[in-house]
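Under the UniProt record's numbering, residues 1 to 67 are what the sequence shown spells out, in order.
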Amino acid sequence: MIKLYSPYAFLSKYLGAILLSFFCYYAKEIGCNNLTLSVWNDNEGALRFYQRQGMKPQETTMEMIID
């Protein structure tokens with residue numbers, strides 16, 4: 001598992017598309033056939049970005065904070 005975050009200053013600067021393209025290339029090179037990622041439901045910009053890149057929702061993870 002690799003965790004990757006884009007600093008706020010780089011949003012909308014094509015860095016995300018470049019990094020995702022690199023990860024797709026690298027994944028193919030090492031024999032992977034899919035990429036899976038997590039994104040917060042309220043991160044609408046990230047959701048739109050990943051969907052524009054061709055990703056599709058596959059599952060929903062639920063959480064409850066208990067005191």
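Idealized CB from N, CA, C, for every residue including glycine.
Helix, strand or coil at E29 according to DSSP, with G and I counted as helix: E29 falls in the helix class under three-state DSSP.
- request: Select from M62, D67, I66 and F49 the residue whose C-alpha is nearest the C-alpha of S21.
  value: Answer by Cα proximity: F49.
S38 in three-state terms, based on DSSP: It is coil, neither helix nor strand.
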